[in-house]
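Everything on this sheet refers to the single structure shown next.
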Amino acid sequence: MRVTPWMEQQQFLYNLENINTSMQNVQEQLSTGKVLNLPQDDPVAVSQDMDLAQEISQMGSDLSTISSGLSWMNATETALQGMLSQLQQIQSDLVAALNTPNQSAGGLAGYAATIRQLIQGVYQIADQKLGDRYLFGGQAWNVAPSSYIEGSATMPSGADQNVAYQIAPGVSINVTVTAYSIFESTPTGAVNLQTTLNNIVNHLESGDVTSLQGDLNDLNLNLTNVIDANADLGARIQRMTAAQNQMQQYQTNLTNLKGGIEGADMAQVMTQFSTDQVIYEAALQMGAQILLPSLVNYLPS
207 MRVTPWMEQQ QFLYNLENIN TSMQNVQEQL STGKVLNLPQ DDPVAVSQDM
257 DLAQEISQMG SDLSTISSGL SWMNATETAL QGMLSQLQQI QSDLVAALNT
307 PNQSAGGLAG YAATIRQLIQ GVYQIADQKL GDRYLFGGQA WNVAPSSYIE
357 GSATMPSGAD QNVAYQIAPG VSINVTVTAY SIFESTPTGA VNLQTTLNNI
407 VNHLESGDVT SLQGDLNDLN LNLTNVIDAN ADLGARIQRM TAAQNQMQQY
457 QTNLTNLKGG IEGADMAQVM TQFSTDQVIY EAALQMGAQI LLPSLVNYLP
507 S
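Per the working numbering, residue 207 is the first one in the sequence shown, and the count goes up by one each step.
Here's what the structure looks like:
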């Protein structure tokens, strides 16, 4: 078959276009730092990259949920410790009232006034908020717990139910401690904390020292209940923190894997670009020698 000048021109233009396309691809990799810029660059790798991106996004969402849950739990733990401190002070004052010989009615009334103030402090802590939500409100997060614990209001629906955060598919952790579990739950052999606190004040004001000994026993059991609730919360915080650390490590691994798939080897890309540039310039020079001058005049330099 005879090779005509027209065939030479077409083959030259075809090869030149391929070199130019290669240069454009490499130049794009240089500007973006990625080897995957279009789906056609590597369909299989692009599919893997998209799957990893979706998984990383989901991991970020789960980590955000965990962070929110930990903020809530840490605030609750701080509030619980403050509540325990107040209750322990009530316990200390009650012991002092019982151990003071020949305690007068006025002395007991003084203890009653002091303990009443401490009890108000306990209820104030129970009404603490994080943002616009009551820490100890449970699922009734918009109702002040003191309104139905200390007051006469009816307990709203959900106040005795914890709020659980889903931190992974099929994995949920309770992030709340409800005022109901603190004030309304009844330990074995005692009355609930709300009743205990009311009895202490009433018996101090009436001078009923005999009943105060029973109140102290009830308070000790109530305190154990609150301490157990705090310990349980601490265990959940540890579990949540461990999950957070594990997810952060996994997210880092996924990000590194994604970067390995889509990231360009810049040293190699720069070398390839220089090589393509030399080839392109050499092709232009060769084309100027073998093609008609009228054609070469229209080629980009």
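Cβ atoms here follow ideal geometry from the backbone N, Cα and C, with glycine treated the same way.
Remember, it's a predicted structure, so these values are computed and weren't measured experimentally.
Checklist line | Cβ-based neighbour list, Q294, same chain, cut-off 8 Å, excluding 5 preceding and 5 following | finding: Taken in chain order, the residues that qualify are L429.
Margin query: Please report the distance separating the alpha-carbon of N431 from that of I388.
Written below: 7 Å
Notebook entry, point to check: If you follow the alpha helix (DSSP H) that S378 is part of, which residue opens it and which one closes it?
Noted result: Looking at the DSSP string, S378 is not in any alpha helix (DSSP H); the run it does join, the beta strand (DSSP E), is 377-380.
Checklist line | N-terminal and C-terminal residue of the beta strand (DSSP E) that A374 is part of | finding: 370-374
Checklist line | Sequence-distant residues of its chain with Cβ nearer than 6 Å to A285 (five each side left out) | finding: I331, Q334, L341
Next item on the list: Name, in chain order, the residues that DSSP records as bridge partners for R442.
Entry: In the DSSP output, where bridge partners are listed per residue, R442 has none listed.
Checklist line | Opening and closing residue of the alpha helix (DSSP H) in which T352 lies | finding: With the sequence shown as reference, residue 352 is identified as Ser, and Thr is not the correct amino acid for it. That run of the alpha helix (DSSP H) goes 352-355.
Item checked: 9 Å Cβ cutoff met for Q297 and N426 -> Between Q297 and N426, the CB-CB gap stays under 9 Å.
Note to self: In the DSSP assignment, the alpha helix (DSSP H) including A318 goes from what residue to what residue?
What the structure shows: Where A318 is concerned, the enclosing alpha helix (DSSP H) stretches over 311-332.
Item checked: Identity of the residue in Q367, D338, Q326 nearest E356 by Cα -> Of all alpha-carbon atoms in Q367, D338, Q326, the one lying nearest the alpha-carbon of E356 is that of Q326.
Check: Mind checking whether P351 and A365 have CB atoms under 9 Å apart?
Finding: yes
Check: Which partner residues does L336 have in the DSSP bridge list?
Finding: R339
Next item on the list: Answer with buried or exposed for Q292, where buried requires no fewer than 16 other C-beta atoms within 10 angstroms of its C-beta.
Entry: buried
Next item on the list: Determine the direct distance from the alpha carbon of G288 to that of D299, and round the result to whole angstroms.
Entry: 17 Å
Note to self: Quick check on A365: does DSSP put it in helix, strand or coil?
What the structure shows: coil
Note to self: Just to confirm my understanding: we take V509, look at its own chain, exclude 5 residues before and 5 after, and list those with CB closer than 7 Å. What are they?
What the structure shows: This structure cannot speak to residue 509, because the chain is shown only from 207 to 507.
Margin query: Would you call the stretch 267-281 in contact with the stretch 303-316, where contact means no fewer than 3 C-beta pairs closer than 8 Å?
Written below: Below 8 Å, too few C-beta pairs join the stretch 267-281 and the stretch 303-316 to call them touching: fewer than three.
Check: Which residues in the same chain as H409 place their Cβ atom closer than 7 Å to its Cβ, once the five residues preceding and following it in sequence are excluded?
Finding: S417, L418, D421
Notebook entry, point to check: For I262, which residues of its own chain have a beta-carbon under 7 Å away from its beta-carbon, when the five flanking residues on both sides are left out?
Noted result: Q457, L460, T461, K464
Item checked: V328 versus L399, A448, V415, Q455, residue with shortest Cα-Cα distance -> L399
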